[in-house]
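Colleague: To convert, take the position in the sequence shown, counting from 1, and add 216; that gives the working numbering. A virtual CB, placed ideally from N, CA and C, is assigned to each residue, including glycine. Quantities reported herein were computed from a predicted structural model and do not represent experimental measurements.
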Amino acid sequence: MINRIIAGFFRKLFLLFVFSGFICTACAWVNVSIGGGGGFVPDIIYNPTQRGLVYARTDMGGIYRLDTASKTWLPLTDWVSQENWNMLGIESFATDPVNPAICYCVVGTYTNDWTDQNGKILRSGDYGDTWQQYDLSFKCGGNMPGRSMGERLSIDPNCHTTLFLGARSGNGLWKSVNSGEIWTKVESFPVTGDYVQDASLAYTSDPVGIVWIAFDKSSSSSGFPCKRLFAGAAQKSGSTVFESDDAGVTWSVVQNQPTGPDVDTLHIMPHHCILIDSIIYIPYCNKAGPYNGNYGEIWKYNFIAKTWTDITPHTHEIDEAGGTSTLQTENPYFGYGGFTVDACNPNVIMAASLNSWWPDAVLFRSTDGGASWSRSFYWVSYPSAKFNYTIETTYPWLNWGVTTTTWPTTVQPKIGWMISGMAINPFNSDEMMYGTGATIYGTKNLTNWGDSTKSQVLFQSVAAGVEECAVLALAVPPTTGANSNVKLIAGVGDIGGFTFTDLNTPTQMFLTPRFTTTSSIDYAELAPDQVVRVGTASTDLYETPVNLGNSTDGGKTWNKIYAFDSTYKSGTVAMSAKGSFIVWAPESKVPYGGSFYGLKVTNLPANSYVASDRVDDSVFYAFTDSLFYTGSATAFTASAHRFAAASVKIKAVPGEKGHVWIPAGSTGLWYTFDGGQQFGRTDS
217 MINRIIAGFF
227 RKLFLLFVFS
237 GFICTACAWV
247 NVSIGGGGGF
257 VPDIIYNPTQ
267 RGLVYARTDM
277 GGIYRLDTAS
287 KTWLPLTDWV
297 SQENWNMLGI
307 ESFATDPVNP
317 AICYCVVGTY
327 TNDWTDQNGK
337 ILRSGDYGDT
347 WQQYDLSFKC
357 GGNMPGRSMG
367 ERLSIDPNCH
377 TTLFLGARSG
387 NGLWKSVNSG
397 EIWTKVESFP
407 VTGDYVQDAS
417 LAYTSDPVGI
427 VWIAFDKSSS
437 SSGFPCKRLF
447 AGAAQKSGST
457 VFESDDAGVT
467 WSVVQNQPTG
477 PDVDTLHIMP
487 HHCILIDSII
497 YIPYCNKAGP
507 YNGNYGEIWK
517 YNFIAKTWTD
527 ITPHTHEIDE
537 AGGTSTLQTE
547 NPYFGYGGFT
557 VDACNPNVIM
567 AASLNSWWPD
577 AVLFRSTDGG
587 ASWSRSFYWV
597 SYPSAKFNYT
607 IETTYPWLNW
617 GVTTTTWPTT
627 VQPKIGWMIS
637 GMAINPFNSD
647 EMMYGTGATI
657 YGTKNLTNWG
667 DSTKSQVLFQ
677 SVAAGVEECA
687 VLALAVPPTT
697 GANSNVKLIA
707 GVGDIGGFTF
717 TDLNTPTQMF
727 LTPRFTTTSS
737 IDYAELAPDQ
747 VVRVGTASTD
757 LYETPVNLGN
767 STDGGKTWNK
777 IYAFDSTYKS
787 GTVAMSAKGS
797 FIVWAPESKV
807 PYGGSFYGLK
817 VTNLPANSYV
827 ASDRVDDSVF
837 YAFTDSLFYT
847 GSATAFTASA
857 HRFAAASVKI
867 KAVPGEKGHV
877 WIPAGSTGLW
887 YTFDGGQQFG
897 RTDS
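#1: Taking the beta strand (DSSP E) that R384 belongs to, which residues open and close that run?
#2: Taking the alpha-carbon positions, what's the T528 to A689 distance?
#3: Quick one: what's got a C-beta closer than 8 angstroms to T346's C-beta in the same chain, skipping five residues either side?
#4: May I have the straight-line CA-CA distance separating Y365 from G553, to the nearest angstrom?
#5: If you scan the region 614 to 640 from start to end, which runs of the beta strand (DSSP E) of 3 or more residues do you find wholly inside it?
#6: S824 and A868: beta carbons closer than 8 angstroms?
#7: Curious, which full-length beta strand (DSSP E) runs of at least 3 residues does the region 342 to 404 contain?
#8: With DSSP collapsed to three states, give me the class of D841.
#9: Just to check my reading of the structure: G382 and G425 have Cβ atoms closer than 8 angstroms, yes? What is that Cβ distance to the nearest angstrom?
#10: Using only alpha-carbon positions, find the residue among S438, G388, T327 that is nearest to T378.
#11: Grouping DSSP H, G and I as helix and E and B as strand, with all else coil, what is M699?
#12: Where does the unbroken beta strand (DSSP E) through S460 begin, and where does it stop?
#13: Measuring only the C-alpha atoms, how far is T331 from N302?
#14: Assign H530 to one of three DSSP states: helix, strand, or coil.
#15: Along the chain, where does the beta strand (DSSP E) that runs through Q746 open and close?
#16: Classify L719: buried if its beta carbon has 16 or more other beta carbons within 10 angstroms, exposed otherwise.
#17: Please classify P477 as buried or exposed, where buried requires at least 16 neighbouring CB atoms within 10 angstroms.
#18: Can you tell me the Cβ-Cβ gap for V673 and T659, rounded? I've got them flagged as a contact below 8 angstroms.
#19: Spell out a yes or no on whether the region 598 to 608 and the region 674 to 683 are touching, meaning 3 or more CB-CB pairs, one atom from each, closer than 8 angstroms.
#20: Bridge partners for C319 per DSSP, in chain order?
#21: Helix, strand or coil for W289 per DSSP?
#22: On a CA-only basis, which of I514, F726, I484 is nearest G707? Give me that one, please.
#23: Pick out whichever of D432, K772, M485, S636 has its Cα sitting closest to the Cα of F519.
#24: Please look up how many angstroms separate the CB atoms of A862 and S842, rounded, as I've assumed it's under 8 angstroms.
#25: Find out if the Cβ-Cβ distance for the pair G454, Y511 is shorter than 8 angstroms.
#26: DSSP beta-bridge partners for F836?
#27: Which residues share a DSSP beta bridge with W428?
#28: Just to confirm, is the Cβ distance from I635 to M648 under 8 angstroms?
#29: Threshold first: 3 residues or longer. Then list the beta strand (DSSP E) segments lying entirely within the region 665 to 714, N to C.
#30: Would you say E367 and F309 are within 8 angstroms of each other, going by their C-beta atoms?
#31: Would the beta-carbon of Y517 fall within 8 angstroms of that of V470?
#32: Near N921, what residues of its chain come up, given a Cβ to Cβ distance below 8 angstroms and the 5 sequence neighbours on each side ignored?
#33: For Y887, which residues of its own chain have a beta-carbon under 6 angstroms away from its beta-carbon, when the five flanking residues on both sides are left out?
#34: Between the C-alpha atoms of T696 and Q746, what's the straight-line distance to the nearest angstrom?
#35: Based on DSSP bridge pairs, tell me the residues matched to A568.
#36: What's the C-alpha gap between T773 and Q724?
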């Protein structure tokens with residue numbers, strides 16, 4: 217999140233320093249620490265041949281490698297510029313089993329019209345420290361539906377210059393024989409993966425595609441391509457698993473494969489595949505994820521005997537709780553996503569629900585190859601439960617403001633949600649990590665699971681260094697009075713935001729009101745204890761969401777302002793120089809202005825960007841539809857000058873009445889020193 221401030225955010229920080237009267241000629245940038253991650257981690261990928269080498273794939277925050285000495289994840293793609301922001305979406309990742317220094321990323325965030333950039337292959341020969349780039353002829357979707365499936369990119373373990381890639385958007389299966397530099401479509405592959413989440417919306421109407429490829433290492437000798445391959449596709453009906461016996465030249469349907477009980481609503485798709493010895497393990501779900509899925513199965517296929525075995529946990533569970541509840545054995549309300557096999561003992565396998573939103577995700581463990589399973593918690597007699605784990609976090613915000621947990625209504629911190637990436641360390645059966653929609657959890661005593669003579673399995677957040685949410689608002693008030701130790705107030709996506717008194721220490725998120733997203737923050741320049749923020753509140757917390765909050769101690773504590781209904785949300789907000797008034801321009805709504813409890817409609821158009829004069833307590837500014845406005849909290853007048861840019865983010869200068877800067881995109885950086893009567897443009 218804040219650690220991942222890319223070029224645009226660095227510029228925003230720079231402007232804050234400039235307008236605060238502080239200019240440095242040689243700044244040494246360091247990360248602000250929120251800890252914990254802050255976004256979805258679709259997969260954890262261990263290298264199978266080099267001990268301690270493990271990567272974390274995020275959906276739109278880049279790729280990370282774990283530094284085992286510091287136990288911190290190192291960002292490997294933070295060099296991506298704002299211009300090429302689409303490259304921060306990681307569609308897939310692969311680490312070379314022959315030469316572990318080599319790794320690959322498939323990059324591209326969206327396949328719809330939100331970007332015109334095609335995907336790329338990134339290849340590194342130094343564990344991701346530096347990269348070469350190779351263009352693909354199609355878009356990739358690291359933040360699209362089905363990003364929890366995979367991995368789509370796979371390296372032949374016997375001939376590591378050969379790679380296969382499953383594409384989206386009907387583009388099929390692709391192959392490279394020169395380490396990812398040139399790609400050729402595999403025309404013989406029989407399907408394209410035609411499942412779409414929702415055809416009525418642009419974001420969800422793109423076909424999810426071919427989602428994984430697996431190689432049978434025993435089917436060839438070293439230096440020669442594996443002859444036997446398997447591939448999985450997100451198909452809306454029919455077969456989803458295919459095999460090749462000639463190194464991918466031709467393909468056929470794997471016979472007698474499971475398809476689910478109902479072709480219309482419960483047709484199942486293969487989310488992952490793990491091949492060990494002569495068996496492939498596949499967790500299935502009836503949706504592509506990562507948010508949805510309400511039915512699933514787990515199967516293993518012996519491709520020598522050509523037999524399928526159903527090892528779905530809910531049909532093979534041992535009720536350790538001794539209770540009478542049928543919740544353990546009835547058909548589940550979730551599919552299966554995260555899945556891993558212990559390389560040291562292939563009889564040990566683990567799986568995760570996708571998605572069990574209430575009361576929590578469910579983890580499953582088997583020590584007999586799936587013949588029987590135990591789960592992370594068991595109902596004894598509702599609401600009582602027995603647990604096979606404990607969980608803790610050193611990052612305050614991961615409890616989402618809940619300090620007292622009452623099972624099952626207020627479970628915090630949770631095991632997680634959107635769990636698709638799960639991996640047991642191939643060199644240590646006690647170590648496992650899995651990604652959630654917010655963080656990475658890990659354990660170092662996994663083999664204690666279910667052993668009453670040992671301490672319970674302990675899960676801890678192990679996502680230090682992974683910070684991937686969008687930074688949407690930053691404020692650095694002058695430090696005085698109650699906020700004398702406030703260093704930074706940051707509004708972010710997904711987890712609201714933070715007030716930092718120590719830039720090196722994670723802190724609690726904004727509470728009362730708690731926002732999922734904070735879009736704008738401002739403070740009174742001459743009374744900086746007064747702060748205001750707007751965003752989108754958590755609908756699960758408030759019957760009537762409150763999207764406006766204020767603070768009188770520099771952002772350390774907050775108050776809910778019940779001024780509007782829940783349709784008034786996000787947008788921008790400005791507070792007058794002494795804190796007497798605010799102007800709020802909610803998203804797609806006409807702005808309001810006045811005191812907190814006396815807000816009235818203004819004459820500004822909807823979608824205005826608002827700011828306050830930093831000296832005169834009665835003056836505000838706004839910009840929309842190419843026009844600059846000046847006014848009081850409720851009445852504004854447009855300037856005569858019309859800018860070429862339709863929408864810009866204006867900034868008033870501290871200590872200078874009437875001074876406002878107007879970054880008008882390609883038309884240059886403009887300014888006014890008299891509150892909008894006259895305008896000039898900088899020469900550089």
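Modeller: With the structure as the only source:
#1: Where R384 is concerned, there is no enclosing beta strand (DSSP E), given that its DSSP letter is neither H nor E.
#2: 46 angstroms
#3: These residues qualify, in order along the chain: S340.
#4: Sequence inspection shows Met at residue 365; the Tyr mentioned does not correspond to that position. Rounded to whole angstroms, the separation of the alpha carbons of G553 and M365 is 8 angstroms.
#5: 638 to 640
#6: no
#7: 348 to 351, 369 to 371, 379 to 382, 389 to 392
#8: coil
#9: Their Cβ separation, rounded to whole angstroms, is 6 angstroms, which keeps G382 and G425 in contact under 8 angstroms.
#10: That would be S438, whose Cα lies nearest to the Cα of T378.
#11: Correcting the residue type first, residue 699 is Asn in the shown sequence and not Met. Correct three-state label for N699: helix.
#12: 457 to 460
#13: When rounded, the distance between both Cα atoms is 7 angstroms.
#14: Assigned with DSSP and collapsed to three states, H530 falls in helix.
#15: Bounds of the beta strand (DSSP E) holding Q746 are 743 to 753.
#16: exposed
#17: exposed
#18: 5 angstroms
#19: yes
#20: T311, S340
#21: Strand, per DSSP.
#22: Looking at the Cα atoms, F726 is the closest of the given residues.
#23: D432
#24: Between S842 and A862 the Cβ distance is about 5 angstroms, and since that is below 8 angstroms, they are a contact.
#25: Not a contact, by the Cβ cut-off of 8 angstroms.
#26: S828, G847
#27: G448
#28: no
#29: 673 to 677, 687 to 691, 704 to 708
#30: yes
#31: yes
#32: Limits of the chain in this structure are 217 at one end and 900 at the other, which puts residue 921 out of reach.
#33: W877, G896
#34: If I take the Cα positions, the gap works out to 11 angstroms.
#35: Bridge partners of A568: L579.
#36: When rounded, the distance between both Cα atoms is 11 angstroms.
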